[in-house]
Structure formats: C-alpha cells, structure tokens
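K.L.:
Read in order, the letters of the sequence shown correspond to residues 0 to 455 in numbering that gives the first Met the number 0.
Where a beta carbon is used, it is the ideal one built from N, C-alpha and C, also for glycine.
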Amino acid sequence: MLLEPYDVVVVGAGVAGLTSSLKLAEEGLRTALVERRPLNKIGERACGDAVGLHHFREIGLEPPSHVVKQEYRGIVLVSPSGRHRIFVPGEGIGVDSVKFAQWLLGECVRRGVELLHSHHLESVKISGGVLERVVVRDLTNGSRKELAAKAYVDASGAVPALRTKLPDEWPISERPRVTDYNAAFREIVELGEPLSNPDYAAIYLNNDVAPGGYWWAFPTSSGREVNLGLGVVMGMGFNPRKNYESFVKPLFNGRTVHSAGGLVPTRRPLPTLVWRNVVVVGDAAYTVNPVHGGGRGSSMLAASIAARNIAEAINLGVSEETLWGMNVDYMKAYGAKQAKLDVLRMYLQLMKNDDLEFLFEKKVVSGDQVYDLGIKGRLSEEVLNSMRKILSLIARPSLLNKLRIVKSYMDRAEKLYLDYYPKSPKEMFKWIEAVNELYSEYSKLIGYAPGPKVSW
Ligand SMILES: Cc1cc2nc3c(=O)[nH]c(=O)nc-3n(C[C@H](O)[C@H](O)[C@H](O)COP(=O)(O)OP(=O)(O)OC[C@H]3O[C@@H](n4cnc5c(N)ncnc54)[C@H](O)[C@@H]3O)c2cc1C
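Here it is, written out as structure tokens:
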C-alpha cells in the first residue's frame, strides 16, 4: 500500500526524531514519524538522563516540570582512587526519559505529525539517484506500507536503520570504527538511604573499572533514586554489565527499578549529515559529545538545524546542494567542537590511572577549565600554560609533551571543521581525505588503534 506522499518522513522516535518532527511540523511541513516501538514504550531506553539546561534554551524548548526528576548544580569528577574531586559548575536536569518522550510526542501530534508506531523500517527504494520511498512493516499484523516524501530524516539511533541501506557511494552511508562507540549498561536504583548531595551528577574516572569510558551516579528524586551506569570502549573485549556488577552495584544498597544496555557513538560527526534527499541526526549521525557521551542536547540541536534547512530546501527542490546549509550550520554550532573533543577523547582513553590521579591531585585543571573544555571544547593557552608550569615543576615531561600534541591536533581538527568545511558537496571528498589524514597521523603519534569498521 502506498500512502499519499509526505513532505518529510522521519525514522525513529527518540529525542532526535521527535525534535525533528516537532520542528518540521512547526515549519508547516506534512510529516510522518515511523517508530518500531509500540506507543507506550516510546522513550524507554538506556540513558543517564542528564541534560544541560543550555541545550533546551538554545532551541527554544522548555521541558515541563513533570518530566524533570532532578535539578543539578553541576558535575563532580572523581579521581580513580576516589580521593580527589573536581566540581564543574553548570545547570542541568535529570529527565524521566519516557515522560519526556511522551510529552514531545504529544507536542508533535498536536501540530499534525502522523505517527506510525509499531512500524519497522524494512527497506528502501532508490530511483533516479534519490531515495524514492521507504518500506515499513506493521509489527502488529505484518502488513507493509510504502511511504514517499520529498525528504527523509534518519533518526534511528546508534545502529542506523536508514542510512546503512543507502548506496555505498553515498558518503552518508559511512561505517564507523568499533572504537568510535562506547558500550554502556545502566540501572535505575531506588535507594534505601537517600544520597546526601543529590545536586551534583557524579562521574568516576577509572580506566581499570571502565576502560575507555567512566562510571556514573546521577541522583534523581531528591537523592532517593540514582541512575547508575558504566561505559567502556567497544570492540576491545570489555563487558560493561560485568564491570558494573563487579565494581559499581555493590557500592549502592537498593532495589533495581529498570536495567538496560546500549551503545553511544563517542566521536566526531559524520562528514556530511545530508546526501541527495536524506538528512541524518542524533546518534545515527554521531552528534554526541565524544568526551562525556551526552547526546540528547546535541541531538535536539541537530534536529532543530535540520528542520530549518529541510524547510528551505523543499522550497528550492531537495538535493545535497540545497540541504548543504545543514552541514555548515551544524559544524559551526557543535560539529567543530566534537571534532576537537574527539582528539582529546582518544588520548583520555589511553591514559593510565596514575596519570589521571596525578592531574587531579596536583589540581592541574580547575572545574571552570573543565567546564570550558566540555561546553566550549576549549583547551585554552591559559590552561596549557598553567599545566606547563605545574608539570615542569614536578618533572612529568612526557605527560606535558603528550598534552602539547593533543592541544595542537585539537586546534587543527577545529580549523578543518570550522574554517575549511566544504562550501559545497563537490569539495566534500577532498576534505574527507584531509580529515582522515589528520586523525590517522594523530592516532599513530599517540599510539591509538581505532580497530576495524563495524559489521553492520
Ligand atoms: C547507557 C547510556 C547512557 C547515556 N547517558 C546520557 C546522558 O546522561 N545524557 C545525555 O545527554 N545522553 C546520554 N546518552 C546518549 C543519549 O541517550 C543519546 O545520544 C540519545 O538518546 C540519542 O537519541 P536518538 O534519538 O538519536 O536515538 P534513539 O534514542 O536511539 O532513538 C532511535 C529510535 O529509532 C527507532 N528505530 C531504530 N531502528 C528502527 C527501524 N528499523 N524502524 C523504526 N524505528 C527504528 C528506535 O526504536 C528508537 O526509538 C547515553 C547513552 C547510553 C547508551
């Protein structure tokens, strides 16, 4: 059955797909939202559920109070031994994932978005060099529908369902390396004893317990509940659930309310988030902060930028040329910061506990400097100078030298994504070569092995 053509078909009703649909409907576009989960399960996923408030402000979205489970005054970073802490200021909230998604969904439907829940994207039809339609299967009765649109948005998450079905020659179908992902496991635990300081979301750095990631305790419900989890770099044989159960779970007494695992892409964004008449947002486009793995806020940002550019492209005739503004806007707003932080992420993943402990103990970086790094992606000369002073005083030349290399590649990566980002699709392939060269040169220099490409 072929349904009447839409302006846009969005695949995936996570935060990226819901925000895209909402913003597209606000642009006056006829939008269908396809989601394989049943209606009442939309929003149920593994997540730490902590989001910086600035993300909502940036896109003009105010979450209602019933979706907010906790307000945070900042993050506390804890050293491997647990003895040293850095308080990073910054307003954030802990959301109830399901209530948040259901609220967004209600806003979408109120604006006319047509939801096809319990529908699985099964295949695509390409014709005349564009995506002509998608085939979806109704999971309640097995019947199939074909949906056609002027533009399509892939918001199907960390293992993308749409863009991986597109021709290999389309750069948007790129497959990442296994180490570009963190595999994570988390539980929501109702505590016997409430936590004493629920205003801070705690991140514990320990490369033995959480190799290539971290473990976290994000209090909610005024400390009566905690979102507890652990993430590790993928593809190196580590098991996040096993490590969670051995090292984290025994530290907290309580009743598990919900457990789930998931993947999160912790890398720079896809080189292009648009090709032909397809746009990719959210985890499907790797729009996640590579260092802390937070992806909700940046998914909403990417979705919002996508909707604006799709609306303009539909007026002009949709193509990668008319959609190109999406890339330029996104790289400026967030992508260049990701590119920079990806450089730092690789280095952090190689750091040994004693080097981490040392940085904490000697107070080489302050909370404000970590905030600058996390929010703005800025490892400023000022920070480096203070590190230089401290590290030369206490004779850690190799650490200082490595940090110099990291800073220089962070700057070069930012330049590539900001100043030299291609102005049109024609320049794209040359630019991708330059990006690949930069990251592979850096990986070799610091001894980072990115591993094979993923198998999906
Ligand atoms: C354990 C863990 C903890 C995290 N903690 C945080 C945190 O504290 N803060 C933060 O900001 N971020 C966090 N993240 C990252 C964050 O959750 C994601 O970046 C964000 O939710 C991505 O949203 P999305 O809409 O792109 O993808 P998703 O939420 O994965 O949504 C994709 C949707 O597409 C649907 N779909 C997939 N395939 C198909 C198909 N074939 N047909 C139809 N539908 C399909 C899925 O069912 C799903 O509903 C965490 C991630 C993990 C794994």
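May I ask you to check if the CB of S155 is nearer than 7 Å to at least one heavy atom of ligand 1?
P.N.:
The sequence position of residue 155 within the sequence shown is 156, counting from 1. Checking every heavy atom of ligand 1 against the Cβ of S155, one is found closer than 7 Å.
K.L.:
For the structure I just gave you, are there three or more beta carbon pairs, one from the segment 202 to 215 and one from the segment 224 to 233, closer than 8 Å?
P.N.:
The segment 202 to 215 is in contact with the segment 224 to 233.
K.L.:
Is there at least one non-hydrogen atom of ligand 1 closer than 7 Å to the beta-carbon of D282?
P.N.:
Taking the first residue of the sequence shown as 1, we reach residue 282 at position 283. Yes, since a heavy atom of ligand 1 falls inside the 7 Å radius drawn around the Cβ of D282.
K.L.:
Where do the N-terminal and C-terminal ends of the beta strand (DSSP E) with T219 fall, by residue?
P.N.:
Stepping through the sequence shown from its first residue, residue 219 is reached at position 220. Start and end: 214 to 219.
K.L.:
What's the call for K68, buried or exposed, on a 16-neighbour Cβ count within 10 Å?
P.N.:
As a working mapping, residue 68 is identified with position 69 in the sequence shown. When all chains shown are included, K68 counts as buried.
K.L.:
Between which two residues does the alpha helix (DSSP H) harbouring E25 extend?
P.N.:
Locating residue 25 in the sequence shown gives position 26, counting from the first residue. 14 to 25 is the span of the alpha helix (DSSP H), which, as asked, contains E25.
K.L.:
Could you tell me the alpha carbon to alpha carbon distance between M330 and I171, rounded to whole angstroms?
P.N.:
Position 331 of the sequence shown, counted from the first residue, corresponds to residue 330. Position 172 of the sequence shown, counted from the first residue, corresponds to residue 171. One C-alpha to the other measures close to 15 Å.
K.L.:
Within its chain, find whatever has a CB closer than 6 Å to the CB of A412; leave out the 5 residues flanking it on each side and keep chain order.
P.N.:
Taking the first residue of the sequence shown as 1, we reach residue 412 at position 413. These residues qualify, in order along the chain: A338, K339, V342.
K.L.:
Does the Cβ-Cβ distance between E113 and K124 come in under 8 Å?
P.N.:
As a position in the sequence shown, residue 113 is number 114, starting the count at 1. As a position in the sequence shown, residue 124 is number 125, starting the count at 1. No, these two residues do not count as a Cβ contact at 8 Å.
K.L.:
Among T265, T255, S221, which one has its Cα closest to the Cα of Y71?
P.N.:
To locate residue 71, count along the sequence shown from 1; it is residue 72. Nearest option by C-alpha distance: S221.
K.L.:
Excluding the 5 residues flanking R185 on each side, which residues of the same chain have their C-beta closer than 7 Å to its C-beta?
P.N.:
Looking up residue 185 in the sequence shown gives position 186. A45, G47, N226, L227, G228, A259, listed in sequence order.
K.L.:
Nearest CA to the CA of A306: which residue from W323, L52, D198, P449?
P.N.:
Here residue 306 refers to the residue found at position 307 of the sequence shown. Of the listed residues, the one whose Cα sits closest to A306 is W323.
K.L.:
Given a threshold of 16 other Cβ atoms within 10 Å of its Cβ, counted over all protein chains shown, does N252 qualify as buried or as exposed?
P.N.:
What you label residue 252 is simply residue 253 of the sequence shown in a count that begins at 1. That one is exposed.
K.L.:
Would the C-beta of A45 count as close to ligand 1, meaning under 7 Å from any of its heavy atoms?
P.N.:
Sequence index remark: in the sequence shown, residue 45 carries index 46 (1-based). Because some heavy atom of ligand 1 lies under 7 Å away, the Cβ of A45 counts as near it: yes.
K.L.:
How far does the alpha helix (DSSP H) with T321 in it extend, from its first residue to its last?
P.N.:
Along the sequence shown, one-based indexing puts residue 321 at 322. First-last of the alpha helix (DSSP H) with T321: 319 to 322.
K.L.:
If V8 sits next to V133, beta carbons under 8 Å apart, how far is it from one beta carbon to the other, in whole angstroms?
P.N.:
Locating residue 8 in the sequence shown gives position 9, where the first residue counts as 1. Locating residue 133 in the sequence shown gives position 134, where the first residue counts as 1. Contact flag correct, Cβ pair sits at about 6 Å.
K.L.:
With a threshold of 7 Å, establish whether the CB of V14 neighbours any heavy atom of ligand 1.
P.N.:
By 1-based counting over the sequence shown, the position of residue 14 is 15. Yes, since a heavy atom of ligand 1 falls inside the 7 Å radius drawn around the Cβ of V14.
K.L.:
Sort L104, L437, W214, L315 by Cα distance to A150 and report the nearest one.
P.N.:
Along the sequence shown, one-based indexing puts residue 150 at 151. Of the candidates L104, L437, W214, L315, the one whose C-alpha sits nearest the C-alpha of A150 is L315.
K.L.:
Among L120, S126, A147, S155, which has the Cα closest to the Cα of L138?
P.N.:
As a position in the sequence shown, residue 138 is number 139, starting the count at 1. Looking at the Cα atoms, L120 is the closest of the given residues.
K.L.:
Rounded to the nearest angstrom, what separates E25 and R110 at their Cα positions?
P.N.:
Translated into the one-based positions of the sequence shown, residue 25 becomes position 26. Translated into the one-based positions of the sequence shown, residue 110 becomes position 111. Looking at the two C-alpha atoms, the distance is approximately 7 Å.
K.L.:
Tell me which same chain residues have a C-beta within less than 8 Å of the C-beta of P88, skipping the five on either side of it?
P.N.:
Stepping through the sequence shown from its first residue, residue 88 is reached at position 89. Closer than 8 Å at Cβ, skipping near neighbours: R72, G73, G366, D367, Y370.
K.L.:
Residues in the same chain with beta-carbon distance under 7 Å from V405, minus the five sequence neighbours each way, listed in chain order, please.
P.N.:
Working through the sequence shown from its first residue, we reach residue 405 at position 406. Same-chain partners within the cutoff: V342, L343, Y346.
K.L.:
Given V94, which residues of its chain have a CB within under 7 Å of its CB, disregarding the five upstream and five downstream residues?
P.N.:
For the purposes of this step, residue 94 is identified with residue 95 of the sequence shown, where counting begins at 1. Same-chain partners within the cutoff: D48, V50, P62, V66, V67, K68.
K.L.:
K139 by DSSP, collapsed to three states: which one?
P.N.:
The count along the sequence shown starts at 1 and reaches residue 139 at position 140. Per the sequence shown, the amino acid found at residue 139 is Thr instead of Lys. Correct three-state label for T139: coil.
K.L.:
Grab the span of the beta strand (DSSP E) containing G105 for me, first residue to last.
P.N.:
Counting from one through the sequence shown, the residue named residue 105 turns up at place 106. Note, G105: premise wrong, no beta strand (DSSP E); alpha helix (DSSP H) at 96 to 109.
K.L.:
Starting from the C-beta of F237, find all residues in its chain whose C-beta is less than 8 Å away, skip the five residues before and the five after it, and write them out in chain order.
P.N.:
The count along the sequence shown starts at 1 and reaches residue 237 at position 238. Around F237: A182, P210, G211, V231.
K.L.:
Ignore the nearest five residues each way along the sequence and tell me which others in I431's own chain have a CB closer than 6 Å to its CB.
P.N.:
Taking the first residue of the sequence shown as position 1, residue 431 is located at position 432. The residues are P270.
K.L.:
Note down, one range per segment and in chain order, each beta strand (DSSP E) of at least 3 residues found wholly within the segment 183 to 252.
P.N.:
As far as the segment 183 to 252 is concerned, its whole beta strand (DSSP E) runs of at least 3 residues are 199 to 203, 214 to 219, 224 to 232.
K.L.:
What separation, rounded to the nearest whole angstrom, lies between the Cα atoms of T286 and H116?
P.N.:
To locate residue 286, count along the sequence shown from 1; it is residue 287. To locate residue 116, count along the sequence shown from 1; it is residue 117. Whole-angstrom Cα-Cα distance: 24 Å.
K.L.:
Going along the chain, which unbroken runs of the beta strand (DSSP E) with 3 or more residues stay wholly within the segment 256 to 282?
P.N.:
277 to 279, all fully within the segment 256 to 282.
K.L.:
Do you know how far the Cα of R56 is from the Cα of L23?
P.N.:
Taking the first residue of the sequence shown as 1, we reach residue 23 at position 24. Taking the first residue of the sequence shown as 1, we reach residue 56 at position 57. Cα to Cα, L23 sits roughly 18 Å from R56.
K.L.:
For G91, which residues in the same chain have their Cβ closer than 8 Å to its Cβ, ignoring the five residues on either side in sequence?
P.N.:
Position 92 of the sequence shown, counted from the start, is the residue given in the question as residue 91. Once the five neighbours on either side are set aside, the close Cβ partners of G91 are A49, V50, G51, L52, E70, Y71, G73, I74, A200.
K.L.:
Assuming L32 and G16 are in contact, meaning their beta carbons sit under 8 Å apart, how far apart are those beta carbons, in whole angstroms?
P.N.:
Counting from one through the sequence shown, the residue named residue 32 turns up at place 33. Counting from one through the sequence shown, the residue named residue 16 turns up at place 17. Contact holds; Cβ gap of about 6 Å.
K.L.:
State yes or no: is the C-beta of A183 nearer than 7 Å to some heavy atom of ligand 1?
P.N.:
Position 184 of the sequence shown, counted from the first residue, corresponds to residue 183. Yes, ligand 1 has a heavy atom inside 7 Å of this Cβ.
K.L.:
Is any heavy atom in ligand 1 found nearer than 7 Å to the beta carbon of L76?
P.N.:
Counting from one through the sequence shown, the residue named residue 76 turns up at place 77. No, the Cβ of L76 stays beyond 7 Å of every heavy atom of ligand 1.
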